[in-house]
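Heads up: the structure comes next, in structure tokens.
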Amino acid sequence: MTIPDTLIHQLAQGRVVPFVGSGVSLAVQPGLFPTWSKLLRTLAKRLQKESNEDAAEIVRRYVKKGQLNKAANEALDELGLAHFREVMQSTFGIGQPADVDLALPTALWSLRSKLVVTTNYDRVLQWSNSAARIATNSQQANLADLFAGSEADKPFVWHLHGHIDDPDSLILAPQQYNRLYREAVDDSHPYAAARLQLRTLIGNYPLLFAGFGLEDEYVMDALAAVLEIFGGNLRPSYALLKTGDDRARTLWDKHKIRTIEYADYGGPLVELVDEMARRMNAAPADSQNVAAGPPVIPPAYVQWLTDQCADITPLGMEPDEGQSVCLQQVYVPPLTSRRFVDEELSEVMQAGRGPGKGNRRRAKKSAAREEAAEEPKPQLLLDVLGERSLYVSGDPGSGKSTFCRWVAWLAATGETLAFEVADVDGFQEELPDSLRERLPVLLRLREFLEYLPAEPGRRSLTADQLQTALKHWLDETRPGGLCWSDVTPHLAAGSLLLILDGVDEVPLTEGKDAAVWSPRESLLAGVTAAAVEWLKCGNRLLITSRPYGLDPDQVRQLDRVGLAEVRLDPLPESLQNLLAARWFVALPKTSADGRQIATAMLDQVRRMSHDVAALAANPLLLTAICIIYGEGKQLPKDIHDLYHRIVKTALHSRYPRDRKVIDWVRARLAAVALGMHTGEPHERSRRAPVAEITYAELDDILRVYIRANPESESGFRDQVEARENLLSHSGLLSQASSEKASFFHLSFQEFLAAEQLARLNDGEEKLLAVFCSRAELANWRHTLRFLFARRVAHPGWQAGKTLLQEMLAVIDVQQIAESLGLALSSADAMAILLDQKLDLQRELLAQLREVCLASIEQGVELNSRVELARMLGRVGDPRVVDDLSDPAAWVEVSAGTYRVGDAEIKKEY
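The numbering of the sequence shown is numbering that gives the first Met the number 0, which starts it at 0 and goes up by one.
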């Protein structure tokens, strides 16, 4: 049972008005009171006794068809008011039975509401609270006192449709409902006061529907009408519904009603209300200070977010050099080619859609399937996020974190920018309506570890545990002054945009020996558990990671609760052109001819090797190319050369132009990077790299390094001074959060770790041992790619070729799955050699072909198999036959259903 904190605060304030329906009266004793349809059948029997068989039969037929309003009109018209009141009195005017169960109404009274509204005619609420006073629509004096004159010890019960002790007040048939709810009224109308107070109630107080079916069209239309008057800006109401009721999304969209589920009627419902009362009574005194009205986004937080999200000062450039740029100058929209078919989305995902023009469902299932079966076209990631919550995966530097900052800023400000370099046709972003007026909360997950509840053996979190961790993080860090009390109203109202950036930067394991636990697995379990309720309320969730950060089961679990997986596309050439043009136009030194500089640079890039040309499709690396080109108009030869020159540029800008000092600083950074990867010497059991470490671990790494290199480190008194020097001057390593450090981007940590590995493991034998021991861990793959590229650069491609031969020789082609990581690293290595335009030996190509073919034949994991198959195409696939009349050109595929493309579409073949 999940009870919103906002509801508890409002209960403690005495602002919530319970709206009690027939379910509460029906619960006190089976058969004591009739359902509406049973009441109508009782009226039909009375018609029959009055010798009006035709009318009785009409009433019964209407009831049988479910047309209860028509049945009520027919019964009232044919019986007349006198007989109608007699039936109502005999049905509802009964005394309190000795064995009646008043647990539910008593629990509702324990909420100590000053006013309760009910559509029931009976005395059940008075049986359970003798101090309660009755108000009906004809009692103008009592209606006048509903709000100002009610007290928790002497509350009013407003019988909206009449009370059995006031027969003239009873309302049952549509003609009577129309007088109360729909007739035009003036001051003399008998229901003028009731209509006025009803609108006042709906416009100013959250309602708590209990035992109410939410199907009374008159009550629900009244709610919708007042909501429309206020432009949708009312605080939410709440409804207690049995688990399995699927109306949550509709109730929120049409009526701003949040649902709170209970397992079953009877005891579970009573327990839920009792828990509300318990938490209300335990609420802190400052509950009285909870702001009324729709949730707000604090202006100070918006300003802070604007400053934080705008800063993208590149490595090696400081604002005082006149080279600073901001995100709002150079941003280009990320794309995804992932397609969805609404009929295949989970129910939670459908329920979690927000309003807005981007959220209409496709009209026909068949049309959607045909569209999805086509070659997918790139979509703006912002548009897709406007439709649903997302898990976004992407390669290092593909723009995941930049998009997180961008969408946080957009949602907070609602601004639409006019860039100096205009958007590319077909890729113009517009903030979806469904993301407007949401409170964006951006959490870089590398900073969240210390707030997760560590416990030996822990592998999961509950929704409450995750929410508590988020509360502790917000209340301790206070980003832009934001705290948990600012967030809870949005969480309850469904207007929160929670952005969890970098799942892959949360460690797989923490602790030693018996104290080891799994932070990443625990976090994802908590998110999966909490997302069910969060998304049902209408909140939007964005999670990012490198592809290896989640395993397939975790991706499927997120999808089941409503987070669809999308993969960031590489930047197409049109957006590469746009990013480069915006970059050079934004820089004061090049703004005059920025577009021409961008064009000249990209022309050179695209004439270079495939490896370098491919770098331009990565936003981070294209930005780095722009930086380097802007300094000397010289482009990198490959990805290793690019990172080498970025690091060199960054250090030259921050240290005296003394080659020896820069080399020493670079070596320290490399030692730190490798220590973060391996855990040495702080945590020797670490298997996967971490993106953030404590100062204590950083000091351990530097202490060992200083001792091992006294000739270069004698200038430092101790590791603390060395640490402060790196954090304050290097530009590559910086303070991540309180007493923690991280690299500017994880890919720089990977590059420098590879540099240190090469320094410590000179020679093929040692390097081969590194590949064999690390390649099966997906988190190491980028580092190993850098390591091989460095071997090709120093001492040269011959050394790289020899290393690759030894790597391939280790792989058992009979059991590829046992060394699949090494096979993938071998494919990466071959790609690096091929991009050197080398004439490779046939034996080397044949070795890799054998590995690729074996992976296909043995059916290894799908994504890995696809990568190896693509490499097979580059080195020459022996299965390809030019002559289609040759039987060898064909392969048998069993008939069946198969997935086609990225969309979950299946066709029969």
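C-beta atoms are modelled at their ideal positions from N, C-alpha and C, and glycine is treated no differently.
- Contact between V440 and L541 does not hold, since the beta-carbon distance rounds to 10 Å and is not under 8 Å.
- In the three-state reduction of the DSSP assignment, H471 falls in the helix class, which pools H, G and I.
- Within the same chain, and ignoring the five residues on either side of K69 in sequence, the residues whose Cβ sits closer than 7 Å to its Cβ are Y61.
- 8 Å or more divides the Cβ of A585 from the Cβ of A528.
- For P17, the three-state secondary structure derived from DSSP is strand.
- Residue environment analysis places H781 among the buried positions, since at least 16 neighbouring C-beta atoms fall within 10 angstroms of its C-beta.
- In the displayed model, H489 falls within a helix according to three-state DSSP.
- Under the 10 Å beta carbon count, K800 is surrounded by 16 or more other beta carbons and is classified as buried.
- With a 10 Å radius around the Cβ and a threshold of 16 neighbouring Cβ atoms, P96 comes out exposed.
- Excluding five sequence positions before and after T41, the CB atoms of its chain that fall closer than 8 Å to its own CB belong to P33, V86 and T90, given in chain order.
- For K253, no beta strand (DSSP E) encloses it; the enclosing alpha helix (DSSP H) starts and ends at A247 to H254.
- With distances taken between CA atoms, D637 lies nearest to A623 out of I810, A623 and Q47.
- In this structure, L145 places its C-beta atom within 8 Å of the C-beta atom of L114.
- Contact holds between the region 19-33 and the region 206-217, because three or more Cβ pairs, one in each stretch, are under 8 Å apart.
- The distance from the Cβ of Q327 to that of L416 is about 6 Å, consistent with a contact at the 8 Å cut-off.
- Remark: fewer than three beta-carbon pairs, one from each stretch, lie closer than 8 Å, so the region 445-465 and the region 190-208 are not flagged as touching.
- Uninterrupted alpha helix (DSSP H) stretches at least 4 residues long and entirely within the region 741-805 occur at 745-759, 763-773 and 780-792, given in chain order.
- Excluding sequence positions up to five before and after A868, its CB lies within less than 7 Å of the CB of C851 and I855, all in the same chain and listed in chain order.
- Per DSSP, reduced to three states, the secondary structure at S400 is helical.
- For I296, the three-state secondary structure derived from DSSP is coil.
- Rounded to whole angstroms, the gap between the alpha carbons of R665 and Q748 is 12 Å.
- Burial check for K399: the Cβ neighbour count within 10 Å reaches 16 or more, so the residue is buried.
- Closest by C-alpha distance to K64, out of R45, L75, D422 and S36, is S36.
- Under the three-pair Cβ rule at 8 Å, the region 253-269 does not count as touching the region 512-529.
- A Cβ-Cβ contact shorter than 8 Å links L507 with R686.
- Our two residues, F418 and L381, have alpha carbons roughly 17 Å apart in a direct line.
- Pairing M607 with A579 gives a Cβ-Cβ distance that is not under 8 Å.
- Counting only runs that start and end inside the region 393-447, the beta strand (DSSP E) elements of at least 3 residues fall at 438-443.
- About 7 Å separates the CB atoms of L434 and R539; that is less than 8 Å, so the two are in contact.
- Comparing alpha carbon positions, the residue from K376, P104 and D885 closest to N119 is P104.
- For the pair W408 and G396, the Cα-to-Cα distance works out to about 20 Å.
- With respect to the 8 Å criterion, R773 and L783 are classified as neighbours on the basis of their beta carbons.
- For the pair Y642 and L634, the CB atoms are not nearer than the 8 Å cut-off.
- When secondary structure is reduced to three states using DSSP, W157 falls in the strand class.
- Here Q734 is exposed: its Cβ has fewer than 16 other Cβ atoms, across all protein chains shown, within 10 Å.
- Taking C-alpha positions only, K253 is separated from L197 by approximately 18 Å.
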